[in-house]
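Residue numbers for the first sequence follow my numbering, so the first one is 906 and each next one is one higher. Beta carbons are placed, not taken as given, at the ideal position from N, Cα and C, and that holds for glycine. Notes for the one structure printed next.
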Amino acid sequence: MQDFYIYNTITRKKEKFEPINPPHVGLYVCGPTVYGNAHLGHTRPAITFDLLFRYLKHIGYNVRYVRNITDVGHLESDADEGEDKIAKRARIEKLEPMEVVQYYTNRYHQNMRQLNVLEPSIEPHASGHIIEQQEFIKKILENGYAYEINGSVYFDVEKYNKNYRYGKLSGRVLEDLKSDTRQLDGQSEKKNPFDFALWKKASPEHIMQWSSEWSSGFPGWHLECSVMSTKYLGEQFDIHGGGIDLLFPHHECEVAQSTAALGKESVRYWMHNNLVTLNGRKMGKSLGNAISLDEFFSGDHKLLKKPYHPMTLRFFILQAHYRSTLDFSNEALQAAEKGLERLLDGMKTLEKIKPSAKSTLNVTELKEKCYKAMNDDLNSAMTISHLYDGIRLINSVESGKGSINDNDLNELKDLYRSFVFGIFGLDTPRNAKGEEELSGKLIDMILNFRLEAQKNKDFQTSDNIRKTLNKLGIEIKDKKDGFEWKIR
RNA sequence: GGUCGCGUGACCGAGUGGUUAGGUGGCGGUCUGCAAAACCGUUCACGGCGGUUCGAAUCCGCCCGCGACCUCCA
C-alpha cells in the first residue's frame, strides 16, 4: 500500500491518508443539481474525484463511492421565499418535476460516459430520502440545535456555536458572520439571519412538497448530503469531496448538522477542487458564461474555435492540479489536444518496441516518480510530466538510440497502461470494429500503390495520394521499409 | 467591508531554499525525393519593494494586481 497524502481542507494541511476501516474507503462527493445541462465547470469535480476513486482502487483500497443527485430543495432566490429550482423548471417546461429530473440526470450520465468517468457505487437521489431527512431533523431537534416556527424548522447556529465551532471548516468566525451577513428580506421567522432551514413549509402552489409532522414542505438545502452520507457510509467516513464554491455555506452547514445530530464530526478528510475559469472569471451557469458539455463536444459555441474531444477535456483538467484554478482558452485546449496525442502515440510506439539484451533506461525510477507525484495530494500534472519524460525514452529506443530488456519493457508497458488508461482514464473510444478493419485494409492498399509510385520516382502521383488522404484526415509517415498511417 | 487564495517564460501549467518541471508554440539541426513523425539543440521565467540567509522565484513583511466565498452554484 502506498503512503498517500491528501490536503485536508479542515486542517489546511497535507495529511497521510489513513482510512477508518482499511482496506475499505468511504467517499462522498456532491453531485449535480439536475435542473440544467452539465457544463465545463461540472467536469472538474467529476474528473478530480474519478481520479481519486481510480487511484484509491489502484493502490489497493476497496472504495464505496457515493455521489448524489440533487433533485429537491435548492432554492432559487436569495431569500427563503424562493422557488425550488426544479419546480420552476418544471413549471416553465410544463413537465412533471421528476420528468425534469430524469431528463437532466440522463443527460448528465451521457456526458459522464463521454468523459470516461466511472459510475459511482451508489447514486442516491435527495427526493428518495425524504423520510431519512425528516428523521435527521428530529435528531437535531432532540439534541436542541434546531427550532420549529410556523411549520418550518431552522438550525440554531448560535446555540450550536456555544458547544462546537460553527465556521470550523471554512475558517469563518460567527462574530464576523453576524456583521457581514446581508440583511435579506423575508427572514423574519429566523432567530438569526445565518440560521438555515432544515425543513421549509411550502406554499400551496409549490409543486414539490412532502408531508411531515411540521408541515407539508420540503427539506432544507444542505441536509441531503449529511443524511445520505450517513446512511450509506456510516456516521463517520473517510473522504468528502466537492467544489470549492460549496465550502461555505453548504459544507459548513453539513458539518454543523452532522455534529449536532450525531454528536461527532462525520468526515475525516475534506477535499475541494478548484474552479474552471473563463478569462479569469469563474464559469457558472448563473453567471451566464458557462459552456455546456454538448456545446464543447460539438464546437457549437461562439467562444469555441473548434469542437473538442471529451478526452482532450479530460487531459486538460488532469494537466492542472485539482486545487488550482484552471483557465479555459482555445489555445490551451489545443495544446492539450496535441499533448495528449503525443502521449498516446508514444504508447503505441511502446507496444511495438522490441526488447534487447540490456536496458539504457531506468523503469523503476520512473515508476517511483509517478507514484510519488500521485501520492502527493493527487498531483496528476507532475505525474504527466514524468510520463512525458518516459515517452522521450521510449522514442529514443524506437529510433535506435537506446535499448530496453524484456523485463523492463513489460514493466514499462504495465506502468503506462495502468497510469494512462487505468488511473487517468484516457481511453480513446473506438469506432465500430468491422468498419475500422475494412478501412484500414483499404488505406493499406492505397498506400501500397503509393509506395509503387515512389519506387518509380513518380512523386507527383505519390504526393497526390498523400494530399488526398491528408484531406480525409489520414496522416502518412514514410518509413525506411514502408509506411505508417493514422487517423487524426 | 470580512474570510481565504493566487500572481511563473509567447500560451497553458507544475514545483523546490542552492541542481532541466512538462505540454503547446517559435527557431536551428539530424533523418527524408519532399513531407509528417521522431530525435538533438535552442527560446531559461517566477508582480513590485524591502528583510532573513553563504544563497530565495521558493521563508517573512509591506505594496500593487486578480480571483473565490460571504445568496443558488461544481
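Can you say whether Q1162 is buried or exposed, counting buried as having 16 or more other CB atoms within 10 angstroms of its CB?
buried
H1226 to D1150, Cα distance in whole Å?
17 Å
Measure the CB-CB distance between D1311 and V1268 and report whether it falls below 8 Å.
no
Just checking my contact of Y1071 with V1062 at CB under 8 Å: how many whole Å lie between their CB atoms?
5 Å
Among Y940, S1057 and S1026, the one whose alpha carbon lies nearest that of P1002:
Y940
Out of L1317, N1284 and K1277, point me to the one whose CA is closest to I1260's CA.
Note that residue 1260 is Pro in the sequence shown here, rather than Ile. P1260 has its Cα closest to that of L1317, out of L1317, N1284 and K1277.
D955 beta carbon less than 8 Å from that of G1185:
no
Classification of R1335 by the beta-carbon crowding that lies within 10 angstroms, buried from 16 upward
Note that R1335 has pLDDT 47, beneath the 50 cutoff, so the model's placement of it is unreliable and no number is given.
Identify the continuous alpha helix (DSSP H) that holds V1006 and give its terminal residues.
P1002 to Q1019
Under 8 Å, do A1107 and S1121 count as touching if we go by C-beta distance?
yes
With a 10 Å radius around its C-beta and 16 neighbouring C-beta atoms as the bar for buried, classify A1262 as buried or exposed.
exposed
So, helix, strand or coil for Y1052, using DSSP?
strand
Looking only at its own chain, which residues have a Cβ that is under 7 Å from the Cβ of T1010, when we skip the five neighbours before and after it?
V939 and I974
Tell me where the alpha helix (DSSP H) around R1297 begins and ends.
S1285 to E1303
To which residues of the same chain is K1391 closer than 6 Å at the C-beta, ignoring the five residues directly before and after it?
E1380
Spell out a yes or no on whether the stretch 1343-1352 and the stretch 1235-1248 are touching, meaning 3 or more CB-CB pairs, one atom from each, closer than 8 Å.
no
Within this structure, are the beta carbons of R1219 and N1021 separated by less than 8 Å?
yes
By alpha-carbon positions, which one of W1126, L945 and P927 ends up nearest to L1183?
L945
Quick one: using the 10 Å Cβ neighbour count with 16 as the cut-off for buried, is N1055 buried or exposed?
exposed
Per DSSP, cross-strand counterpart(s) of N913:
K918
Output yes or no for whether 8 Å exceeds the beta carbon distance between P950 and G1204.
no
Proximity winner among K1067, I1299, Q1114 and I1258, relative to S1032 (alpha-carbon distances)
Q1114
Taking only three categories from DSSP, how would you classify K1306?
coil
Near Y1137, what residues of its chain come up, given a Cβ to Cβ distance below 6 Å and the 5 sequence neighbours on each side ignored?
V971 and I1027
Secondary structure, alpha helix (DSSP H): runs of 4+ residues fully inside the stretch 1078-1160
1079-1085 and 1128-1138
Within this structure, are the beta carbons of S1057 and E1110 separated by less than 8 Å?
no
Determine the direct distance from the alpha carbon of N1284 to that of G1305, and round the result to whole angstroms.
32 Å
Suppose the cutoff is 7 Å on Cβ atoms and the five residues either side in sequence are ignored; what does the same chain contact list for M906 look like?
I964 and G965
Return helix, strand or coil for R1335, following the three-state DSSP convention.
Unreliable positioning characterises R1335 in this predicted model, as indicated by a pLDDT of 47, which lies under 50. The coordinate reading is nonetheless provided below. Of the three classes helix, strand and coil, the one that applies to R1335 here is coil, per DSSP.
Any chance you could list the alpha helix (DSSP H) runs of at least 4 consecutive residues sitting entirely within the stretch 1209-1273, in chain order?
1215-1223 and 1235-1257
Out of N1066, Y1174, K1382 and G1387, state which residue places its alpha-carbon closest to the alpha-carbon of G1049.
N1066
Between which two residues does the beta strand (DSSP E) holding E1394 run?
The requested residue 1394 is not part of the displayed model; the chain covers only 906 to 1393.
Note down the Cα distance separating K918 from G1148, rounded to an integer number of angstroms.
18 Å
Could you give the residue range of the beta strand (DSSP E) that holds V968?
N967 to R972
So, are the CB atoms of N967 and Y1174 less than 8 Å apart?
no
Contact under 8 Å by Cβ, L1356 with F1388
yes
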